[in-house]
Each structure stands twice: as structure tokens, then as C-alpha cells.
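Written out below as C-alpha cells is the structure these notes cover.
Number of protein chains: 2
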Amino acid sequence: MIRTGFSAAGPTLAEVGEYEVIRAIRQAAPSALNGDDAAVFTPSVPNSRVVATTDMLVEGRHFTPEFTTPFDLGRKAVVQNFADVEAMGARPIAAVLALSAPGSTPLEVVRELAAGIQSKVGEYSCELVGGDVTSGEQLVLSLSAIGSLGGSLPPLRLAGARAGQRVVAHGNIGYSAAGLALLQSGAQIPTALYPLVHAYQCPQLTPGRGLIARAAGATAMTDNSDGLVRDVSALASQSNVLIDLYSAALAPDELLCAAGELLGEDPWAWVLTGGEDHTLVGTTEGDAPVGFRTIGSVRKGSGVLVDALEPAYTDGWESFL
Amino acid sequence: MIRTGFSAAGPTLAEVGEYEVIRAIRQAAPSALNGDDAAVFTPSVPNSRVVATTDMLVEGRHFTPEFTTPFDLGRKAVVQNFADVEAMGARPIAAVLALSAPGSTPLEVVRELAAGIQSKVGEYSCELVGGDVTSGEQLVLSLSAIGSLGGSLPPLRLAGARAGQRVVAHGNIGYSAAGLALLQSGAQIPTALYPLVHAYQCPQLTPGRGLIARAAGATAMTDNSDGLVRDVSALASQSNVLIDLYSAALAPDELLCAAGELLGEDPWAWVLTGGEDHTLVGTTEGDAPVGFRTIGSVRKGSGVLVDALEPAYTDGWESFL
Chain A
1 MIRTGFSAAG PTLAEVGEYE VIRAIRQAAP SALNGDDAAV FTPSVPNSRV
51 VATTDMLVEG RHFTPEFTTP FDLGRKAVVQ NFADVEAMGA RPIAAVLALS
101 APGSTPLEVV RELAAGIQSK VGEYSCELVG GDVTSGEQLV LSLSAIGSLG
151 GSLPPLRLAG ARAGQRVVAH GNIGYSAAGL ALLQSGAQIP TALYPLVHAY
201 QCPQLTPGRG LIARAAGATA MTDNSDGLVR DVSALASQSN VLIDLYSAAL
251 APDELLCAAG ELLGEDPWAW VLTGGEDHTL VGTTEGDAPV GFRTIGSVRK
301 GSGVLVDALE PAYTDGWESF L
Chain B
1001 MIRTGFSAAG PTLAEVGEYE VIRAIRQAAP SALNGDDAAV FTPSVPNSRV
1051 VATTDMLVEG RHFTPEFTTP FDLGRKAVVQ NFADVEAMGA RPIAAVLALS
1101 APGSTPLEVV RELAAGIQSK VGEYSCELVG GDVTSGEQLV LSLSAIGSLG
1151 GSLPPLRLAG ARAGQRVVAH GNIGYSAAGL ALLQSGAQIP TALYPLVHAY
1201 QCPQLTPGRG LIARAAGATA MTDNSDGLVR DVSALASQSN VLIDLYSAAL
1251 APDELLCAAG ELLGEDPWAW VLTGGEDHTL VGTTEGDAPV GFRTIGSVRK
1301 GSGVLVDALE PAYTDGWESF L
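Chains as they are written, first to last, in this note's numbering: chain A, 1 to 321; chain B, 1001 to 1321.
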């Protein structure tokens, strides 16, 4: 089933006031660490390094109520941030939320949002440990994640790829973009294609894959947030290498092909430029770590190719277009 | 001198694009830790606990270009967040910035903002280690701070105050609200009152005071962000105590009195309800720690009094009014 839409009923944020808004968030996403000036917590591993990242979701830019629910939006915000932590080979340990919303927003929207955040941080055994709420013209969801990097292995930096290594990926590529295209088309979406829509509404990412990759000898990693070619290009550029992707490993699957046929679009565009899957893409000396598959190889040179040729599509997310 | 206004000249964010926006921020606020999926850094103290907090500044709600500059706005965002870290008795170690702005915003505005952030994080020997930029209808500045709490002493929680202790404060109280009132009045502001305006544009907070207070035996702490009575009430309520403030210690100083006279307002309102000074206010068993002064006492009971009477003003910041 595809759920979309934001509740329009019940008391608004302006009606209940800041105190009740914070109470609703803390009820939906409880944490004993929340409620003070700042949250204080112990890293999961002694003497570990700290990892920090932030991602913002703006109404009308990153989401609209027509295509998602507050619950999925909350989940997506967590995945976006935690994927960045995992892409360093680290473990997410906490999140904080800054939220701006018009006073006319129903409290129920914020409650669902917090429930979505709770649902996803819970999958990682994490908590929402603090936040800030304020009025603003748009709904803006700014989540920051804190992670912990244990042990003495280096983090999985963009600059760690070396010629001769293998490119590996965990998770679907192109699903989120295809799901959004289906929603935007206004077409009747066949049940079989719901997984694409669900992937747009909240990308799938198995907790702990980045940690496993680092332990298994991965050398560099990123997540597919702005588009595969663009994100892999950043990795190639930072590492001063050329990355050659294998079309056979990336070829659109049945779902992507069916969606392409339905919409009259080339599913390769979703695969190469779609982004927002938050798939982990990295490099490794040896075999692909458990849960990862090989999608290319690292060579001397620069740029990104597909089967040694220029990719058919290369653009990606641009924040200020 | 009072500086206000946002640059309207030069290329816009939409004209230069996301890559250049990020480059400008990183040039103005450089960090070797920035530029990957997430930042990885070592806490200042081995085996320390992690501290996290977030605060959002929304255009038209928390600031307007008429009353501040992007530089001061960046500085203020840091102070707000770092005050929350200090209020736990911890040391700020890093900040991440999520920024939403209309595509029509001049790049220079973002550059100045980042320079302001750099100026303030530098005072704390910290760095801006990561971020996210996106378009949006309003300028929204969402900063998150990460801190480090070393040693085995507990953090300075709101719930730590006990009857018989002393209430102490570091920093001016009421200055920020008085400064904003001066700016909003449209009056010609005498040079002597510039410190009030500057306190509104960027509150003063000496780095390290929270750390010192914790080491010196403070038991609870918060910062004056929403209004003195409101913030102290939160501390009293969490600690199940009554806090009696001394009017002699809080009495408006010459500057506040002069501003009150100029505007025909009672400066006590700024002192008791103004907020945004980010003054550290806490409790301690013994003498006031260095840099702090005594402003009240903790007793059995509940609520906040001034000289054992109900405060003349008790309201404060409300996010959704």
C-alpha cells in the first residue's frame, strides 16, 4: 500500500505551544538523554573517535506531502544521516533534530514525524537525544547524527581507493528516483512497483553494513545520495583514480525496467543519476564484504566510466537549481 | 559601530551552484576534517563522554537583515550551541552546519556567515567539520555542536540543584533583549549603548566557563536562552527545588537603565524575561567559581522567586506564537 499525505486535523503547533510540541516529540521518540541543555552519552566503544554529519530536508524541495507521510519523512531523515556515518565505517550512536514548521502545522504531523524518527533510530539501537523546534514558513527538518568509530583502522574516507581494488555496493541503486518518477507521473502505479515508491519514501539500508565493510578491509566508501556517477566521481577524484563500473552489475532489474516502460523513460538514468538511495558504495582490496556485490574496478587515471566508456547519464542532484 | 544588513551584490547561490557554495564555506571556515560523508575526530580527552546539541535560526523569526549581519549571525549560531555544551560542564569540540537559503541569496552572504562561524569556533579552538546546503524559501541556519565531557564528575544537569546551594551566573543578563529593543525602536542609539546592540547581535560568552564551573563543584547549570525566569524555572522544576534570586545581584546596570529610560521601558523585563544572552546560570555547593557571581539561593519548595516574592515579569520566548 502507498501512503501519502499529511494530517490536516487536530490542534496546531501554535494552538498547543512549544512545550506541548516538545512533549509530543519526546513521547513519540523517548530518550532519557533528552531534556537538558545538551545530551551526554558514552560512545559504544572505549577510546573511539567521534563521527558527525548533518542533512536537511526542506518542504517543496526534498519532499511534498503529496508523495510521502511525516512518518516516512522522519525515517528518511535518519537513513540519510546514518548512511553518512556508515559510509565512514562507523556506527551511529545518536541523533538530534532541529525542526522548523509553520504554526498552522497540525501537532499530529510532528508526532508522526517523531514516530518515524524513533522507528528508524530504533533499528540502529540509537535514540533521538535532543533537538530544537521553531516556527518558520516551511517545514524544515534538520537532523544531525553522531557516530562512533572504534578500533585503530582508518575511517573509510573518499580518498582511500587505490588502483587494482574492487568497487562494491550494498543496496538497490536507482529505486528511489524511479519511485519518485512514478509518483510524479500521476500514473496508476501497479502493486508490483510499490517497492520503488517505498524506496523513495524511505530508502532501505541494513544497519551495520559500513562497520562490516571496514572490518572486512574496505578502503574507501560513500553513499549514493546525489546520483551514482556523481558520488562515485567524488570518490574517484578524492582518491586520484579512475573508476570503471560494470554495466552488467548495474543493469536495471525487472522493477526498474517495468517502471521505465510504464513511464517511457530509460531506467539507466535512474541508476546512474538518481541518488537518494543511500546505497553504500566503496572499494576494497579483497572480496566484496558480506552483503556487498562487485559493481566495478579501480584503475589508474581519473573520472568514472561504465564498461570503459563515458556513462550515458552523468548529472545529479543540484541544490540551487 | 553598529553594522547591519546583508550584502545584495555579487553572484547568487543559484548562479554559482552548490559546488561553489560549499567551496566558499570551506574557504571561509577551513577544516581538514570536512569534505567527506561525515567528519571523524578524536575527543579532546581520552574515554570522554560525547555531548550533542542543536539550535536553529530562522530568518524573520530569530533574525532579520535589518538588525544584524551574516557575520554576527554565524557567530551567534555558534554561541547558542556552544553555550548548551558549556552548560553541561563540557568542552565544545566541533560544529556542523545545515543551511537552507533562497537561490537568489548572494554568495557573499553565505561567505560572511561562514566567516562568522569560523571566527567564533576559532575562539574555542574548534572547527566547522561538516554540513549540508540546500535551497529553501527562507534563510535557515541549523547548527549542531559536539562536545566532550572528560573525567568522572557527572555533567551539570538541570536536575542537580539542591536546597542550601548558591545560584551563580557568568555573563550579562538582559543585554540581548535590550539591544533588540533599541534596534526595533528605530531610535538614534547613543554610542554608550552599543554594547547592548552588540550583545543582541552576538552574545558574549567566555569559552571554558562551564568546564571551570564543573571542576569547581557546580551541581547544575543551564544557559539563559529563553528568559532568565523561564530558564531558571526549568532548572528549579527538574531539581524539585525553589530558587530565590537576589534583586540586588540582578538589578539593571547603567546601560540597561539608560536604554530603559530612552525607550520608556522597564529594564527589569529584559533582565527577567529577555533570554538570548546565553549567560551560564548554575548552582554550586561552595563559593561562586571564578568568573561567576552569586545571584540567588536554592531552597526547599518549587518555583522561582525574586527576594522571596513572585517575579515582576515571568514570560519568555515562545516558539509558535
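Backbone N, C-alpha and C define an ideal beta-carbon position, used for all residues, glycine too. These figures come from a predicted structure and were not determined experimentally.
Subject >> 7 Å Cβ cutoff, Ala39 of chain A in contact with chain B >> reply: Within the first sequence, numbered from 1, the residue matching residue 39 of chain A stands at position 39. Judged by the 7 Å Cβ criterion, Ala39 of chain A is in contact with chain B.
Original post:
Which residue from B:Pro1065, B:Gly1074, B:Asp1244 puts its Cα closest to that of Ile1025 of chain B?
Top reply: Walking along the second sequence from the start, residue 1025 of chain B turns up at place 25. Among B:Pro1065, B:Gly1074, B:Asp1244, the Cα nearest to that of Ile1025 of chain B belongs to B:Gly1074.
Original post:
Where does Phe320 of chain A sit, in a helix, a strand or coil, going by DSSP?
Top reply: As a first step, residue 320 of chain A is located in the first sequence; it is residue number 320 there, counting from the start. It is coil, neither helix nor strand.
Subject >> Own chain residues within Cβ distance below 8 Å of Trp317 of chain A, not counting five before or after >> reply: For the purposes of this step, residue 317 of chain A is taken as the residue at position 317 of the first sequence. Cβ neighbours of Trp317 of chain A beyond the five flanking positions: Ser225, Asp226, Gly227, Arg230, Gly275, Glu276.
Original post:
Which residues, in chain order, does the region 124-148 of chain A contribute to contact with chain B at a C-beta distance below 9 Å?
Top reply: Val129, Gly130, Gly131, Asp132, Val133, Thr134, Ser135, Gly136, Glu137, Gln138, Val140, Ser142, Leu143, Ser144, Ala145, Ile146, Gly147, Ser148
Original post:
Below 8 Å, can you find three or more Cβ-Cβ pairs linking the region 277-286 of chain A to the region 188-196 of chain A?
Top reply: no
Original post:
Roughly how far, in whole angstroms, is the beta-carbon of Leu1128 of chain B from the beta-carbon of Ser1031 of chain B, given that I think they are within contact range, below 8 Å?
Top reply: Locating residue 1128 of chain B in the second sequence gives position 128, where the first residue counts as 1. Locating residue 1031 of chain B in the second sequence gives position 31, where the first residue counts as 1. The Cβ separation is near 6 Å, so the contact holds.
Original post:
Thinking C-alpha only, which one of A:Tyr200, A:Ala312, A:Ser247, A:Ala115 is nearest Ala29 of chain A?
Top reply: Mapped onto the first sequence, residue 29 of chain A falls at position 29. Answer by Cα proximity: A:Ala115.
**OP:** Determine the burial state of Leu1309 of chain B: buried for a count of at least 16 other Cβ atoms within 10 Å of its Cβ, exposed for fewer.
**Re:** Locating residue 1309 of chain B in the second sequence gives position 309, counting from the first residue. By the 10 Å Cβ count, Leu1309 of chain B comes out exposed.
Original post:
For the region 42-66 of chain A, which residues have a CB atom closer than 9 Å to at least one CB atom of chain B, in sequence order?
Top reply: Thr42, Pro43, Pro46, Asn47, Ser48, Arg49, Val50, Val51, Ala52, Thr53, Thr54, Asp55, Met56, Leu57, Val58, Glu59, Gly60, Arg61, His62
**OP:** With 7 Å as the threshold, decide whether the Cβ of Met1088 of chain B is near any Cβ in chain A.
**Re:** Your numbering for residue 1088 of chain B matches position 88 in the second sequence. By this cut-off, Met1088 of chain B is an interface position.
Original post:
Going by DSSP, which residues form a beta bridge with Ala1145 of chain B?
Top reply: For the purposes of this step, residue 1145 of chain B is taken as the residue at position 145 of the second sequence. Looking at the DSSP assignment, Ala1145 of chain B forms a beta bridge with B:Thr1053, B:Ala1095.
Original post:
Rounded to whole angstroms, how far is the Cβ of Met1056 of chain B from the Cβ of Ser142 of chain A, which I believe are closer than 8 Å?
Top reply: Here residue 1056 of chain B refers to the residue found at position 56 when the second sequence is read from its first residue. Here residue 142 of chain A refers to the residue found at position 142 when the first sequence is read from its first residue. Between Ser142 of chain A and Met1056 of chain B the Cβ distance is about 6 Å, and since that is below 8 Å, they are a contact.
**OP:** Pull up the CB-CB distance for Arg214 of chain A and Thr294 of chain A, whole angstroms please, since I reckon it's below 8 Å.
**Re:** Along the first sequence, read from residue 1 onward, the residue named residue 214 of chain A stands at position 214. Along the first sequence, read from residue 1 onward, the residue named residue 294 of chain A stands at position 294. That pair is no contact at about 18 Å.
Subject >> C-alpha distance - Leu1262 of chain B paired with Gly1131 of chain B, whole-angstrom precision >> reply: The count along the second sequence starts at 1 and reaches residue 1262 of chain B at position 262. The count along the second sequence starts at 1 and reaches residue 1131 of chain B at position 131. Distance between the alpha carbons of Leu1262 of chain B and Gly1131 of chain B: 42 Å.
**OP:** Give every residue of the same chain whose Cβ lies closer than 6 Å to the Cβ of Asp1315 of chain B, excluding the five residues on either side of it in the sequence, and list them in chain order.
**Re:** The residue you call residue 1315 of chain B lines up with position 315 of the second sequence. Thr1273.
Subject >> Short CB-CB distance (under 7 Å) between Phe320 of chain A and chain B >> reply: As a working mapping, residue 320 of chain A is identified with position 320 in the first sequence. Yes, its Cβ sits closer than 7 Å to a Cβ of chain B.
Original post:
For chain A, is any of its Cβ atoms less than 7 Å away from the one on Asp1084 of chain B?
Top reply: Numbered from its first residue, the second sequence carries residue 1084 of chain B at position 84. Yes, contact with chain A.
**OP:** Can you say whether Ser1125 of chain B is buried or exposed, counting buried as having 16 or more other CB atoms within 10 angstroms of its CB?
**Re:** Sequence index remark: in the second sequence, residue 1125 of chain B carries index 125 (1-based). When all chains shown are included, Ser1125 of chain B counts as exposed.
Original post:
Arg157 of chain A and Leu242 of chain A look like a contact to me (Cβ under 8 Å); what is the Cβ gap, rounded to whole Å?
Top reply: Locating residue 157 of chain A in the first sequence gives position 157, where the first residue counts as 1. Locating residue 242 of chain A in the first sequence gives position 242, where the first residue counts as 1. So it is not a contact: roughly 18 Å between Cβ atoms.
Subject >> Cross-chain neighbours of Ser100 of chain A in chain B, by beta carbon under 7 Å >> reply: On the first sequence, residue 100 of chain A is found 100 positions in, with the first residue counted as 1. Within 7 Å Cβ-Cβ: Met1056, Val1058, Val1140.
**OP:** Using a Cβ cut-off of 7 Å (strictly closer), state whether Ala14 of chain A contacts chain B.
**Re:** Residue numbering aside, residue 14 of chain A sits at position 14 when the first sequence is read from its first letter. Taking Cβ atoms only, chain B reaches closer than 7 Å to Ala14 of chain A, which makes this a yes.
Original post:
Distance, Cα to Cα, Gly1035 of chain B vs Leu1255 of chain B?
Top reply: As a first step, residue 1035 of chain B must be located in the second sequence, where it is residue number 35. As a first step, residue 1255 of chain B must be located in the second sequence, where it is residue number 255. Roughly 45 Å between the two C-alpha positions.
Subject >> As assigned by DSSP and simplified to three states, the class of Asp1037 of chain B >> reply: Within the second sequence, residue 1037 of chain B is the residue found at index 37, counting from 1. Coil, per DSSP.
Subject >> Which listed residue (B:Phe1082, B:Leu1183, B:Ser1233, B:Ala1177) has its alpha carbon closest to that of Ala39 of chain A >> reply: Taking the first residue of the first sequence as position 1, residue 39 of chain A is located at position 39. Of the candidates B:Phe1082, B:Leu1183, B:Ser1233, B:Ala1177, the one whose C-alpha sits nearest the C-alpha of Ala39 of chain A is B:Phe1082.
Original post:
What in chain B is Cβ-close to Thr222 of chain A, meaning under 9 Å?
Top reply: Position 222 of the first sequence, counting from 1, holds the residue named residue 222 of chain A. Result: Asp1036, Asp1037.
Original post:
Using a C-beta cutoff of 7 Å, does Glu18 of chain A count as contacting chain B?
Top reply: Start at 1 with the first residue of the first sequence, and residue 18 of chain A comes out as number 18. Closer than 7 Å to some Cβ of chain B, the Cβ of Glu18 of chain A qualifies, so yes.
Subject >> Residues near Ala9 of chain A in its chain [Cβ-Cβ closer than 8 Å; skip 5 each side] >> reply: Residue 9 of chain A sits at position 9 when you count from the first residue of the first sequence. Cβ neighbours of Ala9 of chain A beyond the five flanking positions: Pro106, Glu108.
**OP:** Decide if Met221 of chain A is buried, meaning its Cβ has at least 16 other Cβ atoms within 10 Å, or exposed.
**Re:** By one-based count along the first sequence, residue 221 of chain A stands at place 221. With 16 or more Cβ atoms within 10 Å of its Cβ, Met221 of chain A is classed as buried.
Original post:
Based on the DSSP secondary-structure assignment, which residues constitute the bridge partners of Ala1269 of chain B?
Top reply: As a working mapping, residue 1269 of chain B is identified with position 269 in the second sequence. In the DSSP output, where bridge partners are listed per residue, Ala1269 of chain B has none listed.
**OP:** Check the C-beta distance from Gln238 of chain A over to Ala169 of chain A and give it rounded, since I have them as a contact under 8 Å.
**Re:** Here the question's residue 238 of chain A lines up with position 238 in the first sequence. Here the question's residue 169 of chain A lines up with position 169 in the first sequence. The pair is not a contact, with the Cβ atoms about 18 Å apart (cut-off 8 Å).
**OP:** Can you have a look at Glu1285 of chain B and say buried or exposed, based on whether 16 or more other CB atoms are within 10 angstroms of its CB?
**Re:** Working through the second sequence from its first residue, we reach residue 1285 of chain B at position 285. Answer is exposed; the Cβ neighbour count stays below 16.
**OP:** Classify Glu1086 of chain B as buried or exposed, calling it buried when 16 or more other Cβ atoms lie within 10 Å of its own Cβ.
**Re:** The count along the second sequence starts at 1 and reaches residue 1086 of chain B at position 86. By the 10 Å Cβ count, Glu1086 of chain B comes out buried.
**OP:** Report, in whole angstroms, the separation of the C-beta atoms of Glu137 of chain A and Gln1138 of chain B, which I expect to be a contact under 8 Å.
**Re:** Within the first sequence, numbered from 1, the residue matching residue 137 of chain A stands at position 137. Within the second sequence, numbered from 1, the residue matching residue 1138 of chain B stands at position 138. That pair is a contact at about 5 Å.
Original post:
With 7 Å set as the bound, which would you pick, yes or no: does the beta-carbon of Arg1157 of chain B sit closer than that to a beta-carbon of chain A?
Top reply: Residue 1157 of chain B sits at position 157 when you count from the first residue of the second sequence. Judged by the 7 Å Cβ criterion, Arg1157 of chain B is in contact with chain A.
Subject >> Proximity test, Cβ basis, 7 Å: Val168 of chain A and chain B >> reply: For this step, residue 168 of chain A is matched to residue 168 along the first sequence. No, no contact with chain B.
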